[in-house]
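Working notes for the structure below.
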Amino acid sequence: MKLIYKIIESIPHGVILGDSLKQGPVTQVFKVRFEGIEAVLRIDLPVAKTLGLNRIFEAELLETIQPAQMSPKVLFADNLSGVLIWEFQSGETLDKKSLLGYPNSWVIL
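Residue numbers (this note's numbering): 15 to 123.
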């Protein structure tokens with residue numbers, strides 16, 4: 015947990031840590047308040063670099079598809095430290111089955 019607090023302190027914005035949403039071997043995901051906005055914080059753990067995960071284009075992709083309402087608004091991204099913060103959206107998790115109702119052009123992005 016010390017690693018998480020150290021990473022949060024390095025973010026140049028106000029972040030208040032909330033509940034843990036997911037903890038896995040590669041990332042940890044938390045609900046947070048970011049500059050007063052309900053948000054989600056994803057932090058890559060050190061093993062992500064060992065595995066060679068490349069997050070460089072992730073924020074750019076999310077921003078590109080955001081107008082189609084297929085992704086949340088990115089609030090902060092720091093690829094070097096493996097931090098991504100996006101606006102919290104309540105609802106259900108999108109899965110492959112729910113994508114079947116979208117036009118084919120949206121599925122092939």
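Every residue, glycine too, gets a C-beta built ideally from N, C-alpha and C.
8 Å Cβ cutoff met for leucine 98 and glutamate 77: Remark: C-beta atoms of leucine 98 and glutamate 77 do not approach each other more closely than 8 Å.
DSSP state of threonine 41 mapped onto helix, strand, coil: strand
Counting beta carbon pairs with one atom in the region 99 to 110 and one in the region 54 to 65, are three or more of them shorter than 8 Å? yes
Three-state secondary structure (DSSP) at lysine 87? coil
Closer than 8 Å by C-beta to arginine 47: which residues in its own chain qualify, once you throw out the five before and the five after it? Chain order, please. Gly28, Val29, Ile30, Gly32 and Ala53.
Are the beta-carbon atoms belonging to lysine 45 and leucine 35 less than 8 Å from one another? Cβ atoms of lysine 45 and leucine 35: closer than 8 Å.
Less than 7 Å between C-beta atoms, sequence neighbours within five positions excluded: which residues of the same chain meet that for lysine 61? For the sequence presented, residue 61 should be read as valine rather than lysine. Same-chain partners within the cutoff: Pro39 and Val40.
Pick helix, strand or coil for leucine 76, following the three-state DSSP scheme. helix
Helix or strand or just coil, what does DSSP make of isoleucine 2? Any property of residue 2 remains undetermined from this structure, which presents the chain solely from 15 to 123.
Classify glutamine 42: buried if its beta carbon has 16 or more other beta carbons within 10 angstroms, exposed otherwise. buried
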